[in-house]
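To keep things clear, I will list the structure first and then write my remarks on it.
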Amino acid sequence: MLFIDFRQHVLAVVRQVLADKGLTDADYMNVALEAPKEESHGDLATNAAMVLAKKVGMAPKALAEMLLEGLKVHEAVEAVEIAGPGFINFRLKTSALIGQGVAATAAGGAYGTLKAADTRKAMVEYVSINPTGPIHVGHGRNAVFGDAIANVLEKAGFPVWREYLVNDSGNQINVLVRSLHARYMQLFGHDVAVPDNGYPGEYLIEVAEKLKARDGDKWVSETDEQVLLRELRSFAVETCLDLIKQDIQTLGIEFDRYFSEFAMHQTDRMAEVVAILRNKGLVNEGTLPPPKGKEIADYKPVELTLFKATEFGLAEDQAIYNRAGMPTYFGQDIAYHYDKLQRGYELLVTVIGIDQTGAFKPLAKAIEALTGRGDVYHPVAYEMVKVMRNGEPVKLSKRAGNIVLLSDVLEEVGTDAFRFTMLTVKPTTTLVFDLAHAVAKTMDNPVFYVQYAHARLCAVERQREELGIPALDAAKLDVATMKISAEARSVLREIMLYPALIEQAARSLEPHRLTFYAQSLAAAIHRWYAAEKWLDSADVRATHERLAVAFAARTVLADVLKLCGVNAPTSM
RNA sequence: GCGCCCGUAGCUCAGUGGAUAGAGCAUCAGCCUUCUAAGCUGUUGGUCGCAGGUUCGAUUCCUGCUGGGCGCGCCA
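First residue of the first sequence? That's 142 in the working numbering, and the numbers climb one at a time after it.
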């Protein structure tokens, strides 16, 4: 690919020219090749002279002069100039951009696919909502982020496994069963309230009805809670998980595996990892100080099994088992991540809500202790989604009855609009999702803008056929002598930059970059569309040249939308 | 009290140790005898929260302050 090849050229020349300056690999780390903000500054630019000037003991512009001759020597280069404080700007030959476009069309979905420099097996764990009820909008953000991250990592060359952790073994499942049983009893006319700390959502009535349909009144007279917990656990979990899976399916997401924590605890994973950490001197028995945030009247310290997070500079150790001897969330997390490592995954991405990030620092330290590496665990924390309705904020709470269900929102705005909107904001920004706007399908939502560009590209090909213009045979194009408009050239420039986008989005785990690229490419396409008529029966050659650009654009636009999980419609 | 995130145009948000800080919406003014006007062109709009520091250069990195959001047993 042109961008990748050209960057190799730049780095090779810089290293060659400065070979006797005693620079290290680390010195070259910050040398970058990127597109200037102003298109008039050129197609690509490198900061090499500015970054290395001090190390070499030269002024940036003088160093740039020194590099210039070598950098010029590349078949794609039309002109090189030094500008501003020491940028080296490249203007590429239009024929090189066209060649890249034609190649992109030929490669189809493979264009922009990178060979990862490291070939670690990656696992993206996302959604992982407790199977105690349906998904709300905030969970939808998790799902969309995780899926796009997985897509982009795959595109960047990593083998990727998508996993959902089903947290089906904690106390919340007991709470779920109690709540379900209360709803079940209500169906039989018994005045039983949902427990105070239970799940009051009305969806449990539906679950209870399913239980009634399956078992009749079998559990009405059952008074032994242990029996209920044992007998109804898997029914409750599976039925609730089905609710979640419906939404996952609507979003177009497929997991490679739903990993059951309950099943994991039937194995020795937890004991194994605790033993390993204990052997490393990182687990011992001890007591924790009282919690900071609030007063606890009858607090009594007790000896617990602790992970010594303080060894890593963290404020407090973390309990692995609670005073009842059951695994804590943190303990389960260690065991689960140990399991991931045992299965051979070495790049562990977890998409997690910002309100759930309390334990990820000690978990990161535990994984570091297990692997000896600090670059294995990558939590992606995303901020809350603030849902507005008629100017009033809608509070998101799993416990409260008035949660905004993802399925409702998807029905209102459609999967494409939802996914695209969720990807227009970086993870750390609190996202304000205005239902009124989204429902109205105004241009507040740029997904239509991007999809429309794709539809136009497809419509033109249909029109070509109707006009009786022969289909394009890319092999017959004379790339070297093609003449295209400035607007078409801008489209090709965006296409040339696609591999850089993939690389950056994968490295930063920031999939919102995809939608910004998509909008940028779509804007170039719309501008070009408005600037000149593409189809001309009187000039088949020129028409074919423009179609070649259009097909390249269609290829890349469809691919980036696919990474976003958004449809690329052929007509609108 | 502590920890994490955020503060950029009227609104919703991008962006960067460097070139004149951007997009969409909203405002105002234009463009359909021409492949889909869900589009295009132009216009208005900024003390990048405040104050220091680091350096050739800071909106970007560091510190303090301030405003907002979230979290703070061995819970879930």
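The beta carbon of each residue, even a glycine, is placed where N, CA and C say it ideally should be. A quick note: this is a predicted structure, and the numbers were derived from the prediction, not measured.
Same chain only: Cβ atoms within 6 Å of residue i, ignoring 5 sequence neighbours per side
i	result
Val707	Asp557, Arg560, Phe561
Met623	Ile239, Glu686
Tyr639	Gly253, Val697
Val550	Val278
Lys539	Confidence at Lys539 is low in this model, with a pLDDT of 42, below 50, so its placement is unreliable and no value can be given for it.
Asp700	Gly250
Leu504	Asp474
Thr498	Ala522
Leu352	Tyr325
Ala500	Phe471
His215	His150
Ala693	Gly242, Ala245, Thr246, Ile636
Pro300	Lys262
Tyr440	Pro431
Gly227	Ala190, Met191, Pro201, Lys202, Ala205
Own chain, CB closer than 7 Å to residue i, minus 5 neighbours either side, in chain order
i	result
Ser712	Ala596, Cys599, Ala600
Leu212	Val151, Val154, Val221, Ile229
Pro710	Gln592, His595, Ala596
Ile643	Gly253, Leu255, Val293, Lys296, Ala297
Gly515	Glu509
Phe144	Met637, Leu638, Pro640, Ala641
His406	Ser310
His653	Leu564, Thr565, Val566, Lys567
Ala665	Ser631, Val632, Glu635
For residue i: DSSP bridge partner residues
i	result
Glu222	Asn230
Ala186	Glu175, Asn230
Gln459	Phe448
His519	Val490
Arg303	Val265
His277	Leu546
Lys527	Val573
Ser401	Val307
Pro468	Tyr462
Asn708	DSSP output for Asn708 lists no bridge partner at all.
Glu121	In the structure displayed, the chain extends from 142 to 713; residue 121 sits before or after that span and is not available.
Residue i versus the options, residue with shortest Cα-Cα distance
i	options	result
His478	Thr512, Tyr462, Leu445, Lys449	Thr512
Leu564	Val348, Ile290, Val333	Ile290
Lys178	Thr187, Ala507, Leu212	Thr187
Ala369	Ile346, Tyr325, Gln407, Gly494	Note that residue 369 corresponds to Leu in the displayed sequence, not to Ala. Among Ile346, Tyr325, Gln407, Gly494, the Cα nearest to that of Leu369 belongs to Tyr325.
Val414	Ala507, Leu373, Gln367, Ala354	Ala507
Gly242	Lys703, Ala691, Val301	Ala691
Ala616	Arg682, Asp516, Ile636, His519	Arg682
Leu321	Leu373, Lys234, Lys359	Leu373
Tyr169	Leu185, Met191, Glu180	Met191
Arg630	Arg648, Leu662, Ser649, Gln645	Leu662
Leu447	Tyr440, Lys441, Ile475	Ile475
Ala647	Leu488, Val528, Lys351, Ala612	Leu488
Asp680	Ala672, Val517, Tyr670, Arg605	Arg605
Gly466	Arg603, Ala245, Ala450, Val443	Val443
Ser181	Leu676, Leu702, His653, Arg634	Arg634
Asp496	Pro430, Leu233, Thr569, Gln387	Thr569
Phe329	Leu618, Tyr344, Ile610, Ala354	Ala354
Leu572	Asp619, His519, Val620, Gly494	Gly494
Thr428	Ala416, Lys449, Arg156	Lys449
Ala612	Glu206, Ser649, Leu688	Leu688
Ala160	Met207, Asn171, Ala200	Met207
Cβ shell of residue i (< 8 Å), same chain only, five flanking positions each side left out
i	result
Thr469	Gln459, Ala460, Ile461, Tyr462, Asn463
Ala541	For Ala541, the predicted model reports a pLDDT of 40, less than 50, meaning its position is unreliable and no value from the coordinates is stated.
Trp302	Lys262, Ala263, Met264, Val265, Asp397, Arg398, Tyr486
Lys703	Gly250, Asn292, Ala709
Gln157	Gly211
Arg419	Asn425
Inter-residue CB distance, residue i and residue j (contact presumed, cutoff 8 Å)
i	j	result
Ser737	Phe231	Shown here, the chain extends from 142 to 713; a query on residue 737 therefore has no answer.
Glu715	Lys567	Residue numbering for the chain in the displayed model covers 142 to 713; residue 715 lies beyond these limits and cannot be assessed.
Leu185	Leu174	6 Å
Tyr305	Ser269	6 Å
Val632	Leu576	Actually they are not in contact, since the Cβ atoms of Val632 and Leu576 sit about 35 Å apart, beyond 8 Å.
Val318	Asn338	About 13 Å; that fails the 8 Å criterion.
**OP:** Assess, as a yes-or-no matter, whether the segment 362 to 382 is touched by the segment 272 to 292 under the definition of 3 or more beta carbon pairs within less than 8 Å.
**Re:** Three or more beta-carbon pairs drawn from the segment 272 to 292 and the segment 362 to 382 are found closer than 8 Å, and the two stretches are therefore classed as touching.
Original post:
Any chance the segment 439 to 456 sits against the segment 245 to 255, with 3 or more Cβ pairs inside 8 Å?
Top reply: Contact check between the segment 439 to 456 and the segment 245 to 255: fewer than three CB pairs, one atom from each, fall below 8 Å, which does not count as touching.
Original post:
Using 8 Å as the Cβ pair cut-off and three pairs as the minimum, do the segment 382 to 398 and the segment 422 to 430 touch?
Top reply: No, the segment 382 to 398 does not touch the segment 422 to 430.
**OP:** Could you tell me whether the segment 318 to 338 touches the segment 288 to 307, where touching means 3 or more Cβ pairs closer than 8 Å?
**Re:** Verdict: no, contact absent.
Subject >> the segment 519 to 526 touching the segment 280 to 287, judged by at least three CB pairs closer than 8 Å >> reply: A contact is defined here as three or more CB-CB pairs under 8 Å, and the segment 519 to 526 meets this definition with respect to the segment 280 to 287.
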